[in-house]
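Chains as they are written, first to last, in this note's numbering: chain L, 14 to 186; chain S, -7 to 498.
Every residue gets a Cβ at the ideal spot worked out from N, C-alpha and C, and that includes glycine.
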């Protein structure tokens, strides 16, 4: 184990330079998030992930944000275990009818100010699953959404472009 | 041969390929059930069927011969909307039957567990795939299994879980720190995929199949393509079959690296998770360069594959294999030599061999408990019949064994990838998919076990598609494996199974 640890000191880090935040994401946040809430943005944020019905593809790429290449925590963004500790809800999937109540309760358990980021095509409007008896639709049909990140699934880079908009200095009011 | 005997007792459906489907009487259905209970045939799947509005209801059972070289589908029409319960004699059938009842309204007579499954009481409809009707306003609360005993307490977990993970409910009963019982309640991510499939064009069906369980999108793509191709009597060209296998092995690698790290992470050994995370990322990037998508979603299509592998892609994959061969052995040594980690994984979460056998447990869950099954070998499919690889089987059945099976499979997948790149034939990457009718069954080895897809096509559209995730035969074993272990070892056990929620829930 020691050898593996010490080798990390001699090798160059794998962590890559971050992308610029997505212009569309900045615009969506500016439009959706009121001034008072925006005053809290531009800083370190705690994220609670909620799978509201996804195929798990989005979760795989969200996990990748924590790997050595993307290293999400260096931006002050970190995942937390409870909505009660969270600033942001990161929600995937078309909201299934079976998850609607759980999503609502998780949202209600998140203290204000909070932001909701809907990840993936399904989270936008139900995607390929829209219209099914088992599906409500997009996340915005259940809780207010501040930011959408598109993709199927969005790659870690696409996720970063959206998430970094939340802490972009210019976004704070 | 046991299956030939079963097949001879039913009315053969000519349009069903490549294995036989026979329509039987209730008497023969019961006899097959007895063979399952006696362990002479294995249950691969059990699902319902109906035309629009619930007409012509039936149930189908997919069974495999003892050595798994042969498969058959046995059908019982259910004009009375009921059928003799298989679960009454053979426990692995219980959840399948509960789901059939909830989705189709077909009652398993004599079933030991009559509670709904997948229907959590939130839909507007009851029996959505059968004779659907509006759901009643008042639903009965779900009756978790009763518990009696001194100083027992319950811990309800989920559906929303603490990590970046799919939702499901786990109801623990514990005596102090020790788990006395785990009862699962799944269905939270049920999207109604099979209803969306009904009447869909094949292309849309392929996209739905690819999104049944995102981590197995290639395996589902292959099984769906196999089923469609069998139904329509077409064969994907050889180059396509090799490219499918290449993608399948990359998918296996990516998931095994993710799992090995995540299992260690749940024992607080983050170092392994960090390093295997790097390997997983390298696999996904190679997948993107070679096939245009990190998860290779929608790259396998009925008739072949969506895009070809060029020299750059092949070189990238060859480089990846070398990179992994350079880095992985050190990580295996790290796993093996860290005493505190071995302390957590060895003898934790044991799945007894008899249970693995009874459930015909697919994938690494079965292989870590002595059950040597692998769809690539038996029944087998091209190009694996021409490739050299072994299937690792261990017997301890604990978390450690499920890690070691994955380690060995990584080694096998690397060898398979090298062979595929060397033997990749020239030629077209897809054949035309005709408008036609037929029935087909696909059976492809995903990273967690064999994915079964059954399809009935009518005039170029999907009339009925059933997707059976290997997790159906693994989730129940997790309940058995955690008994007697401490609550704190549940994440470790759960990760060592890594069952699919979405694949199971449909």
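Per DSSP, the beta-bridge partners of residue 164 of chain S are S/147, S/174. Contact note: residue 70 of chain L reaches chain S through 203, 206, 207, 209, 287, 289, using a C-beta cutoff of 8 Å and chain order.
Closest by C-alpha distance to residue 448 of chain S, out of S/194, S/-5, S/168, S/251, is S/194. Look at the region 322 to 333 of chain S: the residues with a C-beta under 7 Å from a C-beta of chain L are 322, 326, 330.
Proximity of residue 121 of chain L to chain S, defined by a Cβ-Cβ separation below 8 Å, is not satisfied. Put simply, of S/330, S/354, S/365, S/387 the residue whose alpha carbon is nearest the alpha carbon of residue 339 of chain S is S/387.
Counted as a single uninterrupted DSSP element, the alpha helix (DSSP H) harbouring residue 467 of chain S occupies residues 467 to 474. The C-beta separation of residue 398 of chain S from residue 214 of chain S comes to about 20 Å, leaving the pair out of contact by the 8 Å criterion. Under DSSP, the beta-bridge partners assigned to residue 125 of chain S are S/118. Residue 199 of chain S places its beta carbon 8 Å or farther from that of residue 148 of chain L. Excluding sequence positions up to five before and after residue 74 of chain L, its CB lies within less than 7 Å of the CB of 166, 167, 168, 169, 172, all in the same chain and listed in chain order.
In this structure the region 432 to 452 of chain S does not touch the region 256 to 263 of chain S; the number of beta carbon pairs closer than 8 Å is below three. One alpha carbon belongs to residue 266 of chain S, the other to residue 78 of chain S, and they sit about 45 Å apart. Pairing residue 174 of chain L with residue 132 of chain L, the inter-Cα distance amounts to about 12 Å. Neighbourhood of residue 117 of chain S in chain L, by CB distance below 9 Å: 146, in chain order. With 16 or more other Cβ atoms inside 10 Å of its own Cβ, residue 351 of chain S counts as buried.
Per DSSP, the unbroken beta strand (DSSP E) holding residue 442 of chain S starts and ends at 441 to 450.
Contact annotation: in the region 151 to 166 of chain S, residues whose CB is within less than 9 Å of a CB in chain L are 151, 152, 153, 154, 155, 156, 157, 158, 159. Interface residue (Cβ-Cβ distance to chain S less than 8 Å): residue 125 of chain L is not classified as such. For residue 80 of chain L, the residues of chain S that pass the 8 Å Cβ criterion are 266, 269, 270, 272, 273, in the order they occur in the chain.
Counting only residues of its own chain and dropping the five nearest sequence neighbours on each side, residue 15 of chain S has a CB closer than 6 Å to the CB of 2, 3, 67. Residues of the region 171 to 184 of chain S whose Cβ lies closer than 8 Å to any Cβ of chain L, in chain order: 179, 180, 181, 182, 183, 184. Note that the region 358 to 375 of chain S does not touch the region 322 to 333 of chain S; fewer than 3 beta-carbon pairs, one per stretch, sit closer than 8 Å.
Counting other Cβ atoms within 10 Å of its Cβ, residue 104 of chain S stays below 16 and is therefore classed as exposed. Scanning chain L for C-beta atoms nearer than 7 Å to the C-beta of residue 120 of chain S yields 146, reported in chain order.
With respect to residue 34 of chain S, residue 211 of chain S sits apart: the two C-beta atoms are not nearer than 8 Å. Comparing alpha carbon positions, the residue from S/235, S/187, S/495 closest to residue 418 of chain S is S/235.
Going by beta carbons, residue 163 of chain S and residue 431 of chain S fall outside the 8 Å limit.
Looking at the backbone, the Cα of residue 283 of chain S and that of residue 306 of chain S are separated by about 10 Å.
For residue 63 of chain L, the closest Cβ of chain S is nearer than 8 Å.
A Cβ-Cβ distance of about 14 Å is found for the pair residue 299 of chain S and residue 308 of chain S, leaving them out of contact under the 8 Å criterion. Inter-residue distance for residue 406 of chain S and residue 314 of chain S is about 9 Å (C-alpha atoms, whole angstroms).
One finds 156 in chain S with Cβ atoms closer than 9 Å to the Cβ of residue 75 of chain L, taken in chain order. Using a Cβ distance threshold of 8 Å, residue 165 of chain S and residue 498 of chain S do not count as a contacting pair.
For residue 67 of chain L, the residues of chain S that pass the 8 Å Cβ criterion are 158, 181, 206, 494, in the order they occur in the chain. Below 8 Å, too few C-beta pairs join the region 130 to 140 of chain S and the region 153 to 160 of chain S to call them touching: fewer than three.
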